[in-house]
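A quick write-up on the structure given underneath.
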Amino acid sequence: MSEISHDETNLSSDQAAVFRAVSRLESGAEGPGGLGRVAAEAGLDEARTRAALEALTGPLGLVAVVENADATEPGPVYRVQTLR
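The C-terminal position of the sequence shown is numbered 107 in my numbering, with every residue numbered one higher than the one before it.
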């Protein structure tokens with residue numbers, strides 16, 4: 024998990040699973056993941072993962088969207104938002 028500790032108590036079960044998946048992927052050897060990898064890590068389908076990511080990157084502000092510099096998969100990758 025990321026060193027950053029975010030409060031997950033107000034998240035839905037899908038949002039919490041996706042947040043943990045983003046954190047695990049970011050901390051892993053392959054680095055941050057895109058939608059497909061996050062969905063697989065969270066154990067959710069892509070539609071549910073996308074909905075959770077929309078909340079996590081939007082109103083909740085817990086996850087950041089980052090351009091995929093490695094282009095290992097299409098689209099952006101997701102990282103845990105750093106606290107300020």
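A virtual CB, placed ideally from N, CA and C, is assigned to each residue, including glycine. Everything numeric in this text was worked out from a predicted model, so none of it was measured.
- DSSP places G59 in the helix class (H, G or I) of the three-state scheme.
- Within the same chain, Cβ atoms closer than 7 Å to the Cβ of E49 are found at S25, P55, R102, V103, the five residues on either side in sequence being excluded.
- One alpha carbon belongs to A65, the other to T80, and they sit about 16 Å apart.
- In the DSSP assignment, A87 is bridged to R102.
- Within the model, the alpha-carbon separation for L83 versus R47 is close to 19 Å.
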